[in-house]
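Comments concern the structure below.
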Amino acid sequence: MIDLKSPEAFQIILYLVVPGLITTYLRAQFLTGRMQKHTDAILAYLTISLIYWASIMLTGLTLKQIISDPIFSLLAIFVGPGLFGLILGVSAGTDFLRRFLLKSWIFQRLKLNLVHPTPTAWDWKFQRGETHFLLITTSEGLKIRGEYGSNSFASNDPTERDLFIEQLYEFQEEGGPWKKAEAGKGILIRPSEIKYIEFYPKLPAEKVQDD
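Numbering of the sequence shown is given in our numbering, commencing with residue -4 and proceeding in unit increments.
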């Protein structure tokens, strides 16, 4: 049995766990920001670390060359996985790789599908960072209109899906124009109050009143 306090165990963790942990952390920042408990994710860290090292070996470098140079070794263990995580995160966040593969000949020919990396529709919609007008129907049937922009926030905690809208809008009649409330007047809505949300792109000027 390996002594976890031994130098050998430290090297195993450093080379086979740390790169995967760093990669996973950086990738998560482009998705939901959530990570598994480390005790549950060790196998995932190990797998990602092996994939990372395999990609390094494809450049022609050997493990011996990496270990023999302390500076290069630190770069390979800490900086390289960070860049690897950024690439994976951007790819997953923009859905670029998944859409590319789904459009490829082999995926269409074999009718293959890929599981989406984002776990919920809530995460997928709000992580895109787009500005929208929202029409929120509460659990009591009330209608709340507002603008969700860069200063708004949607929780990515699966147990507490609260929502902050930075600018409220008022309306006098159903189907009438949206009139901006007091500038900067926002609202925080608890998840238990949200029944459903309708998303609209920027409305035509005649549908929005500033005063």
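Beta carbons: idealized from backbone N, C-alpha and C, even for Gly.
Bridge partners for residue i per DSSP, in chain order?
| i | result |
| --- | --- |
| glutamate 142 | Phe128 and Gln162 |
| glutamate 193 | Leu130 |
| phenylalanine 148 | Phe159 |
| leucine 183 | Phe159 |
From residue i to residue j, what distance separates their C-alpha atoms?
| i | j | result |
| --- | --- | --- |
| aspartate 35 | alanine 176 | 47 Å |
| leucine 92 | arginine 140 | 35 Å |
| tryptophan 119 | alanine 71 | 32 Å |
| leucine 96 | phenylalanine 102 | 7 Å |
| threonine 19 | tyrosine 191 | 32 Å |
| phenylalanine 121 | leucine 58 | 41 Å |
| tyrosine 143 | glutamate 161 | 6 Å |
| threonine 113 | threonine 27 | 7 Å |
| isoleucine 8 | tyrosine 40 | 10 Å |
| arginine 145 | serine 134 | Looking at the sequence shown, residue 145 is not arginine but serine. When rounded, the distance between both Cα atoms is 26 Å. |
| arginine 104 | arginine 94 | 15 Å |
| histidine 111 | threonine 89 | 11 Å |
| leucine 109 | isoleucine 51 | 26 Å |
| tyrosine 10 | lysine 174 | 58 Å |
| leucine 163 | glycine 124 | 18 Å |
| leucine 78 | isoleucine 17 | 9 Å |
| histidine 33 | isoleucine 43 | 14 Å |
| glutamine 60 | valine 74 | 17 Å |
| serine 68 | phenylalanine 5 | 14 Å |
| methionine 30 | aspartate 152 | 11 Å |
| isoleucine 189 | threonine 115 | 16 Å |
| leucine 81 | lysine 98 | 24 Å |
| tryptophan 117 | phenylalanine 159 | 14 Å |
Is it right to say residue i is buried, meaning 16 or more other beta carbons lie within 10 angstroms of its own, or is it exposed?
| i | result |
| --- | --- |
| aspartate 64 | exposed |
| arginine 22 | buried |
| phenylalanine 25 | buried |
| glycine 84 | buried |
| glycine 171 | exposed |
| isoleucine 66 | exposed |
| glycine 55 | exposed |
| tryptophan 100 | exposed |
| isoleucine 62 | exposed |
My guess is that residue i and residue j are in contact by the Cβ rule of under 8 Å, so how many angstroms apart are they, rounded?
| i | j | result |
| --- | --- | --- |
| glutamate 193 | leucine 137 | With a Cβ gap of about 14 Å, glutamate 193 and leucine 137 do not count as contacting. |
| aspartate 246 | isoleucine 184 | Nothing about residue 246 can be read from this structure; the chain reaches only from -4 to 206. |
| threonine 126 | lysine 180 | That pair is no contact at about 17 Å. |
| proline 14 | proline 76 | 4 Å |
| valine 12 | isoleucine 46 | Not quite, the Cβ-Cβ distance comes to about 13 Å (not below 8 Å), so this is no contact. |
| glutamate 155 | proline 186 | 6 Å |
What are the start and end residues of the alpha helix (DSSP H) that includes residue i?
| i | result |
| --- | --- |
| valine 13 | 13 to 23 |
| glycine 88 | 75 to 89 |
| lysine 120 | 116 to 121 |
| histidine 33 | 33 to 52 |
| leucine 105 | 100 to 105 |
| isoleucine 61 | 58 to 63 |
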